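J.:
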Amino acid sequence: MPEKLEVFCVLEQKEKYQILKETMKEGESPEECLARTFGGENSAPFSWKTRGILTLVREEKPTEYMLLFSARRTLPEGRKEETDTVCWPKCDEILQNLTGEEEKICFRLMMEERPFFSLKVTFDRRNILRSASVNGKPLELFDILKEDGSPAGIVRDRGVAHLDGSLHPTSHIWIVRRNHSSGWDLLLQKRSLFKDSNPGCYDISSAGHVSAGDTYLPAALRELGEELGIRAEEKDLHLAGMRKAYFEDVFYGKPFRDYEISAVYVYDKPVDEKKLVLQESEVEAVKWMDFQECCRRVEHGSMKHCIYMDELEIVGRYLDKCEDSEQ
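All the letters of the sequence shown, read from the start, carry residue numbers 10 to 336 under the numbering used here.
(1) Helix, strand or coil: which one does DSSP assign to residue 329?
(2) Restricting to runs no shorter than 4 residues, where is the alpha helix (DSSP H) found entirely within the segment 149–223?
(3) Look up residue 82 in the DSSP assignment and say whether it is helix, strand or coil.
(4) Classify residue 203 as buried or exposed, calling it buried when 16 or more other Cβ atoms lie within 10 Å of its own Cβ.
(5) Measure the alpha-carbon distance for residue 146 versus residue 329 and round it to whole angstroms.
(6) In the DSSP assignment, find the unbroken alpha helix (DSSP H) run with residue 101 in it and report its ends.
(7) With a threshold of 7 Å on Cβ separation, who are the neighbours of residue 92 within its own chain once the five nearest residues in sequence on each side are excluded?
(8) If you measure between the beta carbons of residue 173 and residue 104, is that distance less than 7 Å?
(9) Hey, residue 221 and residue 164 are a contact pair by Cβ (cut 8 Å); roughly how many whole angstroms apart?
(10) Residues in the same chain with beta-carbon distance under 6 Å from residue 130, minus the five sequence neighbours each way, listed in chain order, please.
(11) Take residue 323 and list the residues in its own chain whose beta-carbon comes closer than 7 Å to its own, dropping the five residues that flank it on each side.
(12) Keeping to the same chain, check which residues put their C-beta closer than 7 Å to that of residue 353; ignore five residues upstream and five downstream.
(13) Start and end of the beta strand (DSSP E) containing residue 46?
(14) For the beta strand (DSSP E) containing residue 58, list its first residue and its last residue.
(15) Between residue 22 and chain B, is any beta-carbon pair separated by less than 7 Å?
(16) Three-state secondary structure (DSSP) at residue 146?
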């Protein structure tokens, strides 16, 4: 039996929230613990819903378990809402105030209105997140960066990082070939309609996040293989530059905040687009486009895309250097 069994409850009122966390007493049920936590003769009635269970594993410490609930207060007619007199933070403020990465993941999953879920989270002896899974399926984890690009010593769930706008590393690979007009073509990928951001948009040839513990170049090679079936070597990728960018939008009714530092690579080996093996969950299709034509379309918004001019400028400067070195 666990030494400690806790209740974690997200209490909502008028799209504002409070987090209630309590340790169950000996012989107490989760519902009795909630009633005690919310208790008091003058407290408003509330209804709760069981949302999931958290298994918390910390190196060299006993395993902990936490039962997850959401609750809503039901106020009698004419009674003033507590949000009018008490400081009830909004969703973004709650996320920033939560100190544990496991609590951030719990809150994120509960805000997504997921059905009952089992979350397992593992930390090392330094209290750094090492793994997380929902219903046995691993979650993607990022190393969070400081503003100068150095590691912050924090590992965070992808969903949380995209919810609170944490700075994280990504790798971008532009596949190019020679042509007889502007000098270069770019291979663009059309993002899958199932993507969590910018579905169906034309994008970089291949791009992806750098997983926790990984670095830019190995991540770039992995993405080329996974998304397009290209088995490249380190010497095949040429670093064109680094780019920091922030993007914010709403997809599927959820806020999406992407703050990243990207290593921008160029790949100029011969590629037959008809022989590429596309990862269906990521890439719907690919097409070659003249570099200058791509720049014009991005600048004028004449195609559905999620490409940025400043990144095209990084690639363009690299290609110009290639031209100069050959003359």
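Backbone N, C-alpha and C define an ideal beta-carbon position, used for all residues, glycine too.
All values reported here derive from a predicted model rather than from experimental measurement.
T.: Looking at the atomic coordinates:
(1) In the sequence shown, the residue the question calls residue 329 occupies position 320. It is helical.
(2) 167–173
(3) The count along the sequence shown starts at 1 and reaches residue 82 at position 73. In this structure, residue 82 counts as strand in the three-state DSSP scheme.
(4) The residue given as residue 203 occupies position 194 in the sequence shown. So residue 203 ends up on the exposed side.
(5) Counting from one through the sequence shown, the residue named residue 146 turns up at place 137. Counting from one through the sequence shown, the residue named residue 329 turns up at place 320. For residue 146 and residue 329, the distance between alpha carbons rounds to 45 Å.
(6) As a working note, residue 101 is residue 92 in the sequence shown. From DSSP, the alpha helix (DSSP H) with residue 101 extends over 100–106.
(7) Walking along the sequence shown from the start, residue 92 turns up at place 83. Only weak support exists for where residue 92 lies, its pLDDT of 42 falling under 50; the coordinates are left without a value.
(8) As a first step, residue 173 is located in the sequence shown; it is residue number 164 there, counting from the start. As a first step, residue 104 is located in the sequence shown; it is residue number 95 there, counting from the start. Yes; because the gap between Cβ atoms is below 7 Å, this pair is in contact.
(9) Taking the sequence shown and counting its residues from 1, one reaches residue 221 at position 212. Taking the sequence shown and counting its residues from 1, one reaches residue 164 at position 155. Right, the Cβ-Cβ distance comes to about 5 Å (below 8 Å), so this counts as a contact.
(10) The residue you call residue 130 lines up with position 121 of the sequence shown. Answer for residue 130: 65, 111, 141, listed in chain order.
(11) Within the sequence shown, numbered from 1, the residue matching residue 323 stands at position 314. The answer, listed in chain order, is 249, 250, 252, 273.
(12) Because residue 353 is not part of the residues shown, which for the chain are 10 to 336, the question remains open.
(13) The count along the sequence shown starts at 1 and reaches residue 46 at position 37. According to the DSSP assignment, residue 46 belongs to no beta strand (DSSP E) but to the alpha helix (DSSP H) extending over 39–47.
(14) Counting from one through the sequence shown, the residue named residue 58 turns up at place 49. 55–67 is the span of the beta strand (DSSP E), which, as asked, contains residue 58.
(15) No chain B appears in this structure, which consists of one protein chain only.
(16) Along the sequence shown, one-based indexing puts residue 146 at 137. Residue 146: strand per DSSP, three-state reduction.
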